[in-house]
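Asker: Counting in UniProt numbering, the sequence shown runs from 1 upward without gaps.
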Amino acid sequence: MPPVSEAAPARPVKVLIYSDDVNTRQQVILALGRRPHPDLPEFEYVEVATEPVVLQNMDSGTINLAILDGEAVPAGGMGIAKQLKDEIYECPPVVVLTGRPQDAWLATWSRAEAAVPHPIDPIQLAEAVIALMRPSVPATSPTS
Numbered sequence: 001m002p003p004v005s006e007a008a009p010a011r012p013v014k015v016l017i018y019s020d021d022v023n024t025r026q027q028v029i030l031a032l033g034r035r036p037h038p039d040l041p042e043f044e045y046v047e048v049a050t051e052p053v054v055l056q057n058m059d060s061g062t063i064n065l066a067i068l069d070g071e072a073v074p075a076g077g078m079g080i081a082k083q084l085k086d087e088i089y090e091c092p093p094v095v096v097l098t099g100r101p102q103d104a105w106l107a108t109w110s111r112a113e114a115a116v117p118h119p120i121d122p123i124q125l126a127e128a129v130i131a132l133m134r135p136s137v138p139a140t141s142p143t144s
């Protein structure tokens, strides 16, 4: 049996980004980068432009976090978030991108764990995502 060296690298966090606007999806990816915090594994992004593909990916059970554009058309991210929370057992955390800060109450209705307004502020988005993902990442402890 080969000697055990360092722990295997953590699997990437799969982040679904839904928006009908490719620019919005790219802004989210640029804001978060490959690894928004040293305590988290690298992020792997799944870009989605339509509601049926969001539902298909979320039903697969492979997504760890969903970032949904509340301003997307024809299906807005808040309605999709509500549907996901109602239909998927132990649904992963959801961040909704709202049209303006005053729309945060709608994100509460949708049962999203966080809301970040447009235009996307990279620091605010990263803080929201890190706060949601840190508790779900297994802690590493030194071996005895």
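We treat Cβ as the ideally placed atom computed from N, Cα and C, and that holds for glycine.
These numbers come from a predicted model, not from an experiment.
If you follow the alpha helix (DSSP H) that L132 is in, where does it begin and where does it stop?
Answerer: Per DSSP, L132 belongs to the alpha helix (DSSP H) from P122 to M133.
Asker: Can you find the residues in the same chain that come closer than 6 Å, C-beta to C-beta, to E44, ignoring five residues on each side of it along the sequence?
Answerer: Once the five neighbours on either side are set aside, the close Cβ partners of E44 are P12 and K14.
Asker: Under 9 Å, Cβ to Cβ, is there at least one residue of chain B near I88?
Answerer: Absent from the structure is chain B; it holds one protein chain and no more.
Asker: Kindly indicate the opening and closing residues of the alpha helix (DSSP H) around V22.
Answerer: Start and end: V22 to L32.
Asker: Rounded to whole angstroms, what is the Cα-Cα separation between G33 and T24?
Answerer: C-alpha separation (whole angstroms): 14 Å.
Asker: For G61, count neighbouring C-beta atoms within 10 Å of its own C-beta (all shown protein chains included) and say buried if the count is 16 or more, exposed if not.
Answerer: Classification for G61: exposed.
Asker: For the putative contact between I63 and L97, defined by C-beta atoms under 8 Å, what is the C-beta separation to the nearest angstrom?
Answerer: About 17 Å; that fails the 8 Å criterion.
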